[in-house]
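Read through the structure below, which is laid out as structure tokens, and then see the notes.
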Amino acid sequence: MEGYKLLITLFLMILLIWRHVPISWVMLGCSALLAFMYHTGLIAFGKMLWRGMANPVTIELVIILMAIMMLEFLLRKEGYLQRMLAALQAIIPNPRFVMALLPSFIGLMPSAGGAVFSAPLVEHAAKGLAISPEQKSFVNFYYRHVTEYFLPIYPSILLIAQLSGIPVQKLILALIPYGVLAILLGIPVLKKIPRDRADGIVREESYEGPERKKMIRELVLSALPMLVVVLMVLALQAEVWLAVGLVILFLLIYHRYTPPKLLELFREIKIQTIILVFTVMIFKQVLEDTDAVAGLPLLLEHLPVPSYFVFIAINFLVAVMTGHMVALVGIGFPVALAAMGSSFDLPTAVLLFIAGFTGQMITPVHLCLTLTVNFFKADLNQVVKMLIGPEAVLLASAIAAYVLF
Numbered sequence: 119m120e121g122y123k124l125l126i127t128l129f130l131m132i133l134l135i136w137r138h139v140p141i142s143w144v145m146l147g148c149s150a151l152l153a154f155m156y157h158t159g160l161i162a163f164g165k166m167l168w169r170g171m172a173n174p175v176t177i178e179l180v181i182i183l184m185a186i187m188m189l190e191f192l193l194r195k196e197g198y199l200q201r202m203l204a205a206l207q208a209i210i211p212n213p214r215f216v217m218a219l220l221p222s223f224i225g226l227m228p229s230a231g232g233a234v235f236s237a238p239l240v241e242h243a244a245k246g247l248a249i250s251p252e253q254k255s256f257v258n259f260y261y262r263h264v265t266e267y268f269l270p271i272y273p274s275i276l277l278i279a280q281l282s283g284i285p286v287q288k289l290i291l292a293l294i295p296y297g298v299l300a301i302l303l304g305i306p307v308l309k310k311i312p313r314d315r316a317d318g319i320v321r322e323e324s325y326e327g328p329e330r331k332k333m334i335r336e337l338v339l340s341a342l343p344m345l346v347v348v349l350m351v352l353a354l355q356a357e358v359w360l361a362v363g364l365v366i367l368f369l370l371i372y373h374r375y376t377p378p379k380l381l382e383l384f385r386e387i388k389i390q391t392i393i394l395v396f397t398v399m400i401f402k403q404v405l406e407d408t409d410a411v412a413g414l415p416l417l418l419e420h421l422p423v424p425s426y427f428v429f430i431a432i433n434f435l436v437a438v439m440t441g442h443m444v445a446l447v448g449i450g451f452p453v454a455l456a457a458m459g460s461s462f463d464l465p466t467a468v469l470l471f472i473a474g475f476t477g478q479m480i481t482p483v484h485l486c487l488t489l490t491v492n493f494f495k496a497d498l499n500q501v502v503k504m505l506i507g508p509e510a511v512l513l514a515s516a517i518a519a520y521v522l523f
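Here the numbering used here is used: the sequence shown runs in plain steps of one and ends on residue 523.
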């Protein structure tokens, strides 16, 4: 019976999120419900809330996310992203690769609905090509998300690292092969797009010799803030908050930010995201304090499939229902962590991440997919069909690697 209490809570969470109830309210409400089912008093529940919010891990995660929001604003405000994209278009003559690289560069910043920023750029790169709205939608949406495997600034990656205790460097290094695989799996769609422009339109500018070197230099310089963050975290093993903080400090000094401009910077902090992180950590704390997953292993061992398939299904389902990586990490990972205990390791974290990631890539609930299809006036069903193949191969590869190695 104990295992069913947790399953009921999970089902209710998924149902409420599917009904568009704000995720932070769902996390907090279901935390209270779970505590109530385990006969937790108000004072004890209040202590759980405090421990979840005041935990050093929670505070560190909140600081990192706030810093990333400010860095994103600085790069956008000071024109780094625009210069990066302009240089990229000038250097690469093949419009198909440009179409894929443009949303990938936008993906360097973990903005919600970021595909809407890259969609006009993809439209411009595709001008004159014999390409369907569905193909443009696939390229924009699919390649917008391939960078999520590589970067230590995405909230989902950071949250997994903080929840599991797995160093973010190890997590990213383990995910990189799947990021590379994801890039390769999108190539068949790119190859179906004619390279030559059907209407004879030629590039307005051609860069050769010194001009080409100048544009390459512009690309490197505009991408340098992000490259420094990635190199500090992966190569120097620096903490994410330190790497991002040092880059922000340099940019503030370089661009001579005054107190009024600093105030504008702090206004970019999205309070809803911070609240969501607090509620996710509260849910994790309630799971631990009530020992709600104690009955789950007994329940799972009666199922005709391995237990990891159940956790794959939970993560995939939550992702399909929410289209939100932070939501699936906040719901699925604490349950798997508590149920598996010390047997939860890096391969398990990677497997569950891929399960959730593939789920969010094929659901219309995902904001980026909806915005992309709407922009290009494409057929949503056709776009989803194009996405299912690569995502199915990606998930199958993750399961095979987990079972074999």
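Don't be surprised by glycine CBs; every beta carbon is placed ideally from N, CA and C. Computed from a predicted structure; not experimentally measured.
Query, Result
"Proximity to ILE186 [Cα-Cα], best of TYR375, ALA218, ILE366", "ILE366"
"Inter-residue Cα distance where the pair is ALA514 and HIS373", "47 angstroms"
"Residue ranges of each alpha helix (DSSP H) within the segment 241–303, 4 or longer", "251–262, 273–282, 286–303"
"Residue range of the alpha helix (DSSP H) that includes PHE396", "389–408"
"Start and end residues, alpha helix (DSSP H) containing ALA356", "First-last for ALA356: undefined, no H or E at that position."
"Neighbourhood of SER255 by C-beta, 6 angstroms cutoff - its chain only, sequence neighbours within 5 removed", "THR490, VAL491, PHE494, ALA496, VAL501"
"LYS495, DSSP secondary structure in three states", "coil"
"Touching by the beta-carbon criterion (3+ pairs, under 8 angstroms), the segment 238–256 and the segment 398–409", "no"
"Whether GLU336 touches ARG201 by CB criterion (8 angstroms)", "yes"
"Cβ-based neighbour list, HIS484, same chain, cut-off 7 angstroms, excluding 5 preceding and 5 following", "GLY441, GLN478"
"Local conformation of MET333 per DSSP, three classes", "helix"
"Euclidean distance between Cα positions of GLU196 and ILE181", "23 angstroms"
"N-terminal and C-terminal residue of the alpha helix (DSSP H) that VAL444 is part of", "443–458"
"C-alpha gap between ILE430 and LEU342, whole angstroms", "37 angstroms"
"Beta-carbon separation (whole angstroms), LEU464 vs ALA292, contact threshold 8 angstroms", "6 angstroms"
"Sub-8 angstroms separation of GLY297 and VAL348 beta-carbons", "no"
"Nearest-angstrom Cα separation, counted from PRO328 out to THR488", "42 angstroms"
"CB-CB length for GLY448 against MET184, believed under 8 angstroms", "The pair is not a contact, with the Cβ atoms about 18 angstroms apart (cut-off 8 angstroms)."
"Pair within 8 angstroms by beta-carbon distance, PHE396 and MET155", "no"
"CB contact flag (LEU124, VAL423, <8 angstroms)", "no"
"Per-residue burial, LYS402 [other beta carbons within 10 Å of its own, 16 or more giving buried]", "buried"
"Nearest-angstrom Cβ-Cβ length linking VAL511 and LEU303, presumed shorter than 8 angstroms", "6 angstroms"
"Spatial distance of PRO174 from ALA248 (CA atoms)", "54 angstroms"
"Residues near SER460 in its chain [Cβ-Cβ closer than 7 angstroms; skip 5 each side]", "none"
"ARG321 classed as buried or exposed, judged by whether at least 16 other C-beta atoms fall within 10 angstroms", "Note that ARG321 scores 47 on pLDDT, short of 50, meaning its location in the model is unreliable and no value can be drawn from it."
"C-alpha distance - PHE259 paired with LEU277, whole-angstrom precision", "23 angstroms"
"Candidates HIS157, GLN355, MET443: closest to PRO285 by CA position", "GLN355"
"Secondary structure, alpha helix (DSSP H): runs of 4+ residues fully inside the segment 199–226", "213–224"
"Closer than 8 angstroms to chain C by CB, ILE290", "Any reference to chain C falls outside this structure, which holds one protein chain only."
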